[in-house]
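A.B. asks: Here you go, one structure.
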Amino acid sequence: MNELITVRKLNREYKTGDLTVRALDNISLSIGRGEFVSIIGQSGSGKSTLMNILGCLDRQSSGEYILLGTDVSSLGEKQLAYLRSRVIGFVFQSFNLIPSLNALQNVELPLIYRRIPRKQRIYAAEKALDMVGLSSRKKHRPSELSGGQQQRTAIARAIAGDPGLLLADEPTGSLDKAAGENVLSIINDLNGKGVTVVMITHDSSIAARAKRSIKISDGRIIS
Ligand SMILES: Nc1ncnc2c1ncn2[C@@H]1O[C@H](COP(=O)(O)OP(=O)(O)O)[C@@H](O)[C@H]1O
Ligand SMILES: [Mg+2]
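Counting in this note's numbering, the sequence shown runs from 2 upward without gaps.
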């Protein structure tokens with residue numbers, strides 16, 4: 002089986018008072034192992050809603066989501082947490098680093114939650130920081146790093162546990178062009194090493210960096 006992700010007729014509705022917003026409308030797609038796919042659409046088109054479901058952070062209202070051959074809706078909270086911590090790495094637009102921890106400690110944190118022994122953890126965290134070119138900044142706190150360096154730290158945190166799937170929601174959205182380029186080239190290198198990448202963006206020049214683009218508008222796939 003070469004498919005990592007299969008989504009069939011996925012719907013997600015948000016109910017707020019009397020108002021129902023259909024954020025995802027009958028989405029079907031599949032993503033193979035090792036692919037680099039971008040999901041592009043305007044603000045409000047449903048990109049983050051889709052990524053949150055793919056990342057097992059949220060559930061669909063109806064339809065199917067199969068990850069690694071498993072119907073995600075059949076899983077309980079423990080199994081979802083397992084997928085989120087072992088299989089999926091997340092990168093967000095707003096880095097989401099912990100301000101009081103230095104870069105190395107931020108990268109180590111998910112490995113602490115996984116109870117990985119200290120030596121092994123530091124080895125993995127240092128290797129991840131090296132991969133994003135930040136070995137010399139490991140003792141710096143987020144406030145002592147540029148935006149691009151913070152996002153690279155966030156990527157190191159996402160990959161330190163060797164996930165097979167990287168989900169990136171507007172990873173260059175808060176960065177200038179040069180820093181964004183750097184982040185994209187790191188994401189591209191990770192894909193070259195076999196990590197499946199799903200990258201969300203509203204920018205067509207960034208979407209074009211992926212090998213395949215899925216365009217969504219008003220919660221629907223339009224191409
Ligand atoms: N928690 C929520 N409650 C109600 N509506 C929401 C919620 N999250 C998103 N929406 C709505 O769903 C639609 C898609 O949002 P979102 O997935 O965040 O789009 P994008 O990431 O493409 O900007 C929008 O109309 C948005 O207002
Ligand atoms: Mg969004």
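Here a beta-carbon is modelled for each residue, glycine too, at the ideal position from N, C-alpha and C.
Taking its Cβ as the centre, do 16 or more other Cβ atoms sit within 10 Å of Lys48, making it buried, or is it exposed?
C.D. replies: When all chains shown are included, Lys48 counts as buried.
A.B. asks: Sorted by chain position, which residues of the same chain lie with C-beta nearer than 7 Å to Ser62's C-beta, five sequence neighbours on each side aside?
C.D. replies: Answer for Ser62: Asn12, Arg13, Glu14, listed in chain order.
A.B. asks: Short of 8 Å in beta carbon distance, which residues of its chain neighbour Gln151, apart from the five on each side in sequence? Order them along the chain.
C.D. replies: Answer for Gln151: Phe96, Leu98, Pro143, listed in chain order.
A.B. asks: Less than 8 Å between the beta carbons of Ile28 and Ile222, yes or no?
C.D. replies: Yes, Cβ-Cβ distance for Ile28 and Ile222 is below 8 Å.
A.B. asks: Can you list, in chain order, every residue whose CB sits closer than 6 Å to a heavy atom of ligand 1?
C.D. replies: Result: Tyr15, Thr17, Val22, Ala24, Gly42, Ser44, Gly45, Ser46, Gly47, Lys48, Ser49, Thr50.
A.B. asks: Just the C-alpha distance for Glu109 and Gly149, rounded to the nearest angstrom, thanks.
C.D. replies: Their backbone Cα atoms lie some 19 Å apart in a straight line.
A.B. asks: Using a threshold of 7 Å, is the CB atom of Asp59 nearer than that to any non-hydrogen atom of ligand 2?
C.D. replies: Not so, every heavy atom of ligand 2 lies at least 7 Å from the Cβ.
A.B. asks: From the DSSP output, in three-state form, read off Lys212 for me.
C.D. replies: Of the three classes helix, strand and coil, the one that applies to Lys212 here is coil, per DSSP.
A.B. asks: Are the stretch 154 to 162 and the stretch 124 to 137 touching, with three or more C-beta to C-beta distances below 8 Å?
C.D. replies: Output reads yes: the stretch 124 to 137 touches the stretch 154 to 162.
A.B. asks: Are Leu5 and Ile40 closer than 8 Å when you measure CB to CB?
C.D. replies: No.
A.B. asks: Would the beta-carbon of Asp170 be found less than 7 Å away from any heavy atom of ligand 2?
C.D. replies: Yes, the beta carbon of Asp170 sits closer than 7 Å to at least one heavy atom of ligand 2.
A.B. asks: Per DSSP, which residues does Ile207 bridge with? Please list them.
C.D. replies: Beta-bridge pairing links Ile207 to no other residue.
A.B. asks: Between the stretch 194 to 208 and the stretch 73 to 84, are three or more C-beta pairs nearer than 8 Å?
C.D. replies: Result no; under three Cβ-Cβ pairs closer than 8 Å.
A.B. asks: Taking the alpha carbon of Val22 as the reference point, which residue from Ser46, Gly181, Lys194 has its own alpha carbon closest?
C.D. replies: Checking every option, the nearest Cα to that of Val22 belongs to Ser46.
A.B. asks: Roughly how many angstroms separate the alpha carbons of Asp19 and Leu146, rounded to a whole number?
C.D. replies: Distance between the alpha carbons of Asp19 and Leu146: 45 Å.
A.B. asks: Compute the distance between the beta-carbons of Asn103 and His141, then report whether it is under 8 Å.
C.D. replies: For Asn103 and His141, yes; Cβs fall inside 8 Å.
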